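Student: Okay, here's the structure, questions in a sec.
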Amino acid sequence: MSNNAELATFTGWAATTPKAPLERLSYDPGPLGAEEVEVAVEYCGICHSDQSMIDNEWGNARYPFIPGHEVVGTIVRLGEQARGLALGQRVGIGWYKGSCMHCGSCMEGSHQLCRSVKPTIVGSHGGFADRLRSHWAWAVPLPEGLDPALVGPLFCAGSTVFSPLLEFDIKPTDRVGVVGIGGLGHLALRFLNAWGCEVTAFTSSLNKQDEAKRLGAHKVVASTDSAAMKAIAGCLDFLLVTASADLDWQALIATLRGKGRLHFVGIVPSAIPVHVFNLIPQQKSLSGSPVGSPSSMATMLEFCARHQILPQVEHFPMSQVNAAIDHLRSGKARYRVVLDASK
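Quick note on full-length UniProt numbering: the sequence shown kicks off at 1 and runs consecutively.
What follows is the structure, given as structure tokens:
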């Protein structure tokens, strides 16, 4: 069947109960919305958030659903009111696939903060499938020079760690730390190095020291080494937490200089115990953010094309999605897993 053919049903790999293997599922997507685009999926990354949804870790999974929110594909259908896109154009779709387009957040360009923003896989079917639809604004075109087989994780992991660089006006003269060298962290190191910052990687094990430096870190600090943590106290302008673990937050806050910021993009499991006296005297801040807006994603992709920054990925055929998820669960993925929809 031609990729450009109109399909009466979409077919993908669905989670049916928590932690169970995904099963084939076909569903009727209904009529194409006036502002929607339909994308023939070529590649789809597997994110830890997919695993969390499959396992219902956050309590908001509605079964059956098709995971997948790091989609790269070509546009095969356009709604009559879709703007700025063309048939055959290659685009990416990330954690969100729609927003209201009229609220204050959308109108100021912060579409990801829309109160009615539409997640790609929460209450909806995602990209472990042959087709996916989104609002035209959330289908972000790929610039020339980026390998479509590698670029998928940029639409979630990449956007998540790139957006704070814009939001908080990170400067090339800043000293920035990254906590965690994984799916998010390895991209953060590459971005910040190309941004011009002095980059410090924090890891629980110095076994990753050489790898962190290869990815762009100038320094590597063991977060479990109290002497090393004291030595770096008061040095950092910005500290980006990409890890999903409970850590010594007091020690990490202490690494910040005056007006420094500890920023979360990793989903840490427990509440963060912080006394205001650790913040007020030197005007330190705590914050967090989701993925970026479509505009910031487009900026990120141009930055990646200019500096040839791409995720480090391992490929699996879409037909072996369960083996790919098991590989992710094992913690052996280095650093992202991408499914090839043609296989």
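Backbone N, C-alpha and C fix where the C-beta goes; we use that ideal spot for every residue, glycine too.
Since the structure is predicted, the reported quantities are computational estimates derived from the model, not experimental observations.
If you draw a straight line from the C-alpha of residue 284 to the C-alpha of residue 69, how long is it?
Tutor: Reading the sequence shown from its first residue, position 284 is the one you call residue 284. Reading the sequence shown from its first residue, position 69 is the one you call residue 69. Distance between the alpha carbons of residue 284 and residue 69 is about 34 Å.
Student: Should the segment 206–220 be regarded as contacting the segment 156–168, the criterion being three or more beta carbon pairs within less than 8 Å?
Tutor: With the cut-off at 8 Å, the segment 206–220 and the segment 156–168 do not touch.
Student: Kindly give me the distance between the Cβ atoms of residue 129 and residue 66, rounded to whole angstroms, as I take these residues to be in contact under 8 Å.
Tutor: Numbered from 1 along the sequence shown, position 129 holds the residue referred to as residue 129. Numbered from 1 along the sequence shown, position 66 holds the residue referred to as residue 66. Confirmed, Cβ separation roughly 5 Å.
Student: Measuring alpha carbon to alpha carbon, tell me which of 131, 192, 52 ends up nearest residue 10.
Tutor: For the purposes of this step, residue 10 is taken as the residue at position 10 of the sequence shown. Out of 131, 192, 52, 131 has the C-alpha closest to the C-alpha of residue 10.
Student: What is the DSSP secondary structure of residue 6, reduced to helix, strand or coil?
Tutor: For this step, residue 6 is matched to residue 6 along the sequence shown. Coil, per DSSP.
Student: Threshold first: 4 residues or longer. Then list the alpha helix (DSSP H) segments lying entirely within the segment 242–273, N to C.
Tutor: You should have 249–254.
Student: Taking all protein chains shown into account, decide if residue 63 is buried (16 or more other Cβ within 10 angstroms of its Cβ) or exposed.
Tutor: Along the sequence shown, one-based indexing puts residue 63 at 63. The residue in question, residue 63, is exposed, as its Cβ has fewer than 16 Cβ neighbours within 10 Å.
Student: Provide the residue span of the alpha helix (DSSP H) that contains residue 172, from first to last.
Tutor: The residue labelled residue 172 in the question sits at position 172 within the sequence shown. Here residue 172 belongs to no alpha helix (DSSP H), and DSSP marks it neither H nor E.
Student: What's the gap between the Cα of residue 12 and the Cα of residue 330?
Tutor: Within the sequence shown, the letter at position 12 stands for residue 12. Within the sequence shown, the letter at position 330 stands for residue 330. Their Cα atoms are separated by approximately 23 Å.
Student: Going by the C-beta, is residue 324 closer than 7 Å to any heavy atom of the ligand MG?
Tutor: Inclusion of the ligand MG in the displayed structure is not the case, the ligand content being empty and no account of it being possible.
Student: Starting from the Cα of residue 209, find the closest Cα among 191, 196, 227, 178 and give me that residue.
Tutor: Indexing the sequence shown from 1 puts residue 209 at position 209. Nearest C-alpha to residue 209: 178.
Student: Where does residue 107 land, buried or exposed, given buried means 16+ other C-beta within 10 angstroms?
Tutor: As a working note, residue 107 is residue 107 in the sequence shown. With fewer than 16 Cβ atoms within 10 Å of its Cβ, residue 107 is classed as exposed.
Student: Which residue spans inside the segment 18–61 form an unbroken alpha helix (DSSP H) run of at least 4?
Tutor: You should have 48–54.
Student: Cα-Cα, which of 301, 293, 312, 319 is closest to residue 111?
Tutor: Within the sequence shown, residue 111 is the residue found at index 111, counting from 1. Cα-wise, what sits closest to residue 111 is 293.
Student: Which class does residue 336 belong to by DSSP, given the choice of helix, strand or coil?
Tutor: Numbered from 1 along the sequence shown, position 336 holds the residue referred to as residue 336. Three-state DSSP puts residue 336 in a strand.
Student: For residue 1, collect the residues of the same chain with a Cβ closer than 7 Å to its Cβ; drop the 5 residues on either side in sequence, then sort them by chain order.
Tutor: On the sequence shown, position 1 is the one that residue 1 refers to. Confidence at residue 1 is low in this model, with a pLDDT of 34, below 50, so the placement of that residue should be treated as unreliable; the coordinate-derived value is given next. Here the set comprises nothing.
Student: Do you know how far the Cα of residue 127 is from the Cα of residue 320?
Tutor: Reading the sequence shown from its first residue, position 320 is the one you call residue 320. Reading the sequence shown from its first residue, position 127 is the one you call residue 127. Each residue's Cα considered, the two are about 15 Å apart.
Student: What are the residues that DSSP puts in a beta bridge with residue 65?
Tutor: Position 65 of the sequence shown holds residue 65. Paired residues: 15.
Student: Would you mind reading off the limits of the alpha helix (DSSP H) that contains residue 325?
Tutor: For this step, residue 325 is matched to residue 325 along the sequence shown. First-last of the alpha helix (DSSP H) with residue 325: 321–329.
Student: For the structure I just gave you, are there three or more beta carbon pairs, one from the segment 223–232 and one from the segment 200–207, closer than 8 Å?
Tutor: Enough Cβ pairs lie closer than 8 Å, so yes.
Student: Could you check the C-alpha separation between residue 344 and residue 102 for me, to the nearest Å?
Tutor: For residue 344 there is no data in the structure shown, the boundaries of the chain being 1 and 343.
Student: Does chain D have any CB closer than 8 Å to the CB of residue 226?
Tutor: Although the question refers to chain D, the structure presented lacks it and comprises just one protein chain.
Student: Starting from residue 187, follow the alpha helix (DSSP H) in both directions and report where the run begins and ends.
Tutor: Translated into the one-based positions of the sequence shown, residue 187 becomes position 187. 185–195 is the extent of the alpha helix (DSSP H) around residue 187.
Student: Out of 38, 123, 79, 165, point me to the one whose CA is closest to residue 14's CA.
Tutor: Within the sequence shown, residue 14 is the residue found at index 14, counting from 1. Ranking 38, 123, 79, 165 by Cα distance to residue 14 puts 123 first.
Student: Within 10 Å of its beta-carbon, does residue 16 have 16 or more other beta-carbons around it, so buried, or fewer, so exposed?
Tutor: For the purposes of this step, residue 16 is identified with residue 16 of the sequence shown, where counting begins at 1. With fewer than 16 other Cβ atoms within 10 Å, it is exposed.
Student: Can you find at least 3 beta carbon pairs, one from the segment 311–326 and one from the segment 296–303, that sit closer than 8 Å?
Tutor: In short, these stretches do not touch, since the Cβ pair count stays below three.
Student: Just to confirm, are residue 133 and residue 290 a CB contact at a threshold of 8 Å?
Tutor: Here the question's residue 133 lines up with position 133 in the sequence shown. Here the question's residue 290 lines up with position 290 in the sequence shown. Not a contact, by the Cβ cut-off of 8 Å.
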